[in-house]
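Reading through the structure tokens given below for one structure.
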Amino acid sequence: MKARAASVKALAKPLFLGFAALLLLFFSRSALLFAAAVVLAAGVALLDLSRLILRTDRIRLSFTLAVSILLGYGLGSAIYLISYGTIDATQYPYWAPKGLLFDQEGLATALAASLLAAAVLYVRAAVERPVHSNAILYSLASPKAERLVWLGVAVALLALLAGDIGYGGAFVSDTGHVSPVGAFGNLMAPPLVPYALLLITDKRSLAKRLMLVAALVPLLAVTLLLGRRYLLYVLVLSAMALHMRGYRFNKRGLVVGAGFFVLTTLLLYFGFNFFMALRFAAGELGRDASLPELVRAALSQLSGTQAHLVQGYLAENVASRPFILSYLAGLMGISSTQMPAFGAEFLNSMQMTIPSVLMPGKVAALPSTPEDLVHPLYGIPVFDGPNSVLVAGFDDFGFLGALVYPLGVVLLFGWFNKFVRAAVRDAPIRLFVLFALLFQLLYIEQGIGTLFVTLRNLAIVIGAAWVLGRLPIPRLARRVRYGRPNALYGVRSARARQRNTLHGADL
């Protein structure tokens, strides 16, 4: 009886989302219904985001991606509507300067696809096993668990000093090649922040904790350079890490929670303003400017007379930029005889994962971005749009593809995680992999090719971490002081006799 009630409860949410999606499809021209569905999606997203943070023993990959879709396409649309005080989202044609238009029918169809994709994932989550157990945290007490952090710090510092990572991500050469060090720094920094928090809050000496706190500086520096969404989702994972550690709504937990909230608020305020100032600096100094030059220019803008310009542009950008639904809506409103692509984007993404060593002509032969491939097929100019797994699915197989591709990503990530858990016994590596996968699922605004490349690079990082974990822990040899010879027991130190006596040793 209880199992049946649990099954009905688990299906209630996807059925409700599915019903809302059907209403959107039938009444696609209603701006009021669209606004109501946006509020519904945003409410479910925020509620389930809190559940994701507070129920870390029930983490499921399907649930995580469902929340991510509703946050990106539901909450992002709600921020837009609230910021502009309207229910008619077509009043602001965000992509019109790029040659892409959307109407109310396209917005309703795109939101319906988002709700149905989330509903499919919620159904999958009902039968998916949790991917985390708090028992794994006991293994973090080993000094070897810290090596992952220092590996990530070394990669991050090397990438920063060499200029292989900068504003917006890893450095891409004029020939289209991505810096390997920058790519690994991009991959490792976000999941290592919550991982380091788990180590800091463990039972370690004060000196080791301070060293780990210092290690957060380059990791957060890389995160700030990568973008605002990186920072947001890193903070979400950090909150999950603190809850994994056992901080609850008691006196100790409230103190830690209040401190985390204050630090988070300050970091978000500075991070958002700093990233926007970096964008201004990059526009003024050009692409050839070095990272130190960009940082100095950004800091001067934040403290100078241009600070109000940066904040004004930031406010406008925060209001319009989260409206990524408009991009999918614009594509859905285009009638093209060359679309859908029937797997062309998927095939291109798989080819992008092949290392250039094995496929020397890859960069020259393949489109560098999904937009380079599909925008000409849609008949629109090539520009950097907010791609996602839903967009990739729609590009390849239309409306049905937008529902199936997210489920396929979850299954792929689940198989990868199971393989890691079966092949790698080191609990710290498995925990790092979990944070890396969760981050990729939360970061909805990336193409399917990026997800495939991430898994490839993550496999390389796992191999390096495994080798690093095999190295022995260095120990200092203890000096033994010998006492006088004893006729009965031979040479024995006084300290040894005392220790054995205290432990009741029968000598």
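Position in the sequence shown (from 1) plus 181 gives the number in the numbering used here. Even for Gly, the Cβ is constructed at its ideal location relative to N, Cα and C.
Here SER360 is buried: its Cβ has 16 or more other Cβ atoms, across all protein chains shown, within 10 Å.
The criterion of a C-beta distance shorter than 8 Å is not satisfied by ALA212 and ILE263. Bounds of the alpha helix (DSSP H) holding SER419 are 409-426. The closest CA to that of MET425, considering only ALA370, PHE456 and LEU318, is found on LEU318.
C-alpha of VAL591 to C-alpha of LEU288: approximately 25 Å in a straight line.
With a beta-carbon spacing of about 4 Å, ALA306 and PHE244 fall inside the 8 Å limit used to define contacts. Remark: fewer than three beta-carbon pairs, one from each stretch, lie closer than 8 Å, so the region 622-630 and the region 328-342 are not flagged as touching. The DSSP-derived three-state label of VAL605 is coil. Between the alpha carbons of GLY363 and MET457 lies a gap of roughly 21 Å.
Cβ atoms of LEU558 and ASN529 stay farther apart than 8 Å, at about 12 Å.
One thing to note: ALA370 has its Cβ no nearer than 8 Å to the Cβ of LEU393.
Nearest to LYS279 by C-alpha distance, out of ARG236, TYR508, ARG385 and MET421, is TYR508. When the Cα atoms are used, ALA193 and LEU636 turn out to be separated by approximately 33 Å. The C-beta of HIS489 has fewer than 16 other C-beta atoms within 10 Å across all chains shown, which makes the residue exposed.
Burial check for ASP553: the Cβ neighbour count within 10 Å stays below 16, so the residue is exposed. Our two residues, PRO195 and ALA298, have alpha carbons roughly 9 Å apart in a direct line. Secondary structure within the region 282-329: the alpha helix (DSSP H) runs of 4 or more consecutive residues, fully enclosed, are 285-308 (chain order). ILE641 carries a helical assignment under DSSP once its states are collapsed to helix, strand and coil. Taking 8 Å as the cut-off, the beta carbon of ALA510 is found closer than this to the beta carbon of ALA291.
Pairing GLY560 with ILE629 gives a Cβ-Cβ distance that is not under 8 Å. Note that the region 378-390 does not touch the region 578-588; fewer than 3 beta-carbon pairs, one per stretch, sit closer than 8 Å.
When the Cα atoms are used, GLN482 and PHE461 turn out to be separated by approximately 9 Å.
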